[in-house]
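Colleague:
Numbering (my numbering), first residue to last: 439 to 618.
In structure tokens, the structure reads:
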């Protein structure tokens, strides 16, 4: 993973990740516990959610933001690939209704039965459930981060002014990403 490092002549300090890493475990737990732990797409078929699916895939500009995550089974997630739910549904419809490859039963029959508006509603309901499931995790994560901020403050006081300036500049860049 590429990193940017704050530096001091002769050595590197404080590597700052610049690319995406794994989701925090609390985010994964919150997403997978939403919708009763069932796959958003084929949940009626009794398949447990095993993976976190990005509604808008990262390859299409989506983010690791909790509002873009829903629970899915491995099969649905692998089939969806780097498509949005609507694009995935259209590709399944094309495959299902291809006269040269007729299937007796469409894949994910309940999912295939959704209209475009119904699909949007299904995903929105799953996202709402994720947000509800995430609330207690978010409260604990915020409390932990406050403790870390207090520790950071204590550590900043022990840096030389030039190091402190670099750390504060890096933090200001991070803070600017979250301004409303």
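For glycine and all other residues, C-beta sits at the position ideal for the given N, C-alpha and C. This one's a predicted model, so the numbers in the text were calculated from it and none came from an experiment.
#1: Give the range of the beta strand (DSSP E) segment to which residue 490 is assigned.
#2: Taking all protein chains shown into account, do 16 or more other C-beta atoms lie within 10 angstroms of the C-beta of residue 518, making it buried, or fewer, making it exposed?
#3: Residues bridged to residue 509 by DSSP?
#4: Relative to the C-alpha of residue 591, which residue among 579, 578, 531 and 606 is closest?
#5: If we call anything under 8 Å between Cβ atoms a contact, is residue 507 one with residue 485?
#6: Let me confirm a value: residue 567 is counted as buried when at least 16 other C-beta atoms fall within 10 Å, else exposed. Which label applies?
#7: Based on Cα-Cα distance, which residue from 474, 492 and 589 lies nearest to residue 524?
#8: Counting Cβ pairs, one atom from each stretch, are 3 or more of them under 8 Å apart for the region 595–610 and the region 494–506?
#9: If you follow the alpha helix (DSSP H) that residue 419 is part of, which residue opens it and which one closes it?
#10: Can the beta-carbon of residue 481 be found closer than 8 Å to that of residue 473?
#11: Please check if any C-beta of chain B sits within less than 8 Å of the C-beta of residue 574.
#12: Is the region 508–516 touching the region 580–587, taking contact as three or more C-beta pairs under 8 Å?
#13: Do you know whose CA, among 522, 488 and 487, lies nearest residue 501's CA?
#14: Would the beta-carbon of residue 511 fall within 8 Å of that of residue 531?
#15: Which one or two residues does DSSP pair with residue 476 in a beta bridge?
#16: Measuring straight from C-alpha to C-alpha, what distance separates residue 417 and residue 458?
#17: Exposed or buried, which one is residue 465 when buried takes at least 16 other CB atoms within 10 Å?
#18: Tell me whether residue 530 sits in a helix, a strand or coil according to DSSP, three-state version.
Modeller: Reading off the structure:
#1: 489–492
#2: buried
#3: 490
#4: 606
#5: No, the pair does not count as a contact, with Cβ atoms beyond the cut-off.
#6: With 16 or more other Cβ atoms within 10 Å, it is buried.
#7: 492
#8: Taking 8 Å as the limit for Cβ pairs, the verdict is that the region 494–506 does not touch the region 595–610.
#9: There is no way to answer for residue 419, as the model of the chain reaches only from 439 to 618.
#10: In this structure, the beta-carbon distance from residue 481 to residue 473 falls below 8 Å.
#11: In the structure shown, chain B cannot be found, because there is only a single protein chain.
#12: no
#13: 522
#14: no
#15: 486
#16: Here the chain comprises residues numbered 439 to 618, so residue 417 is not present and cannot be evaluated.
#17: That one is buried.
#18: helix
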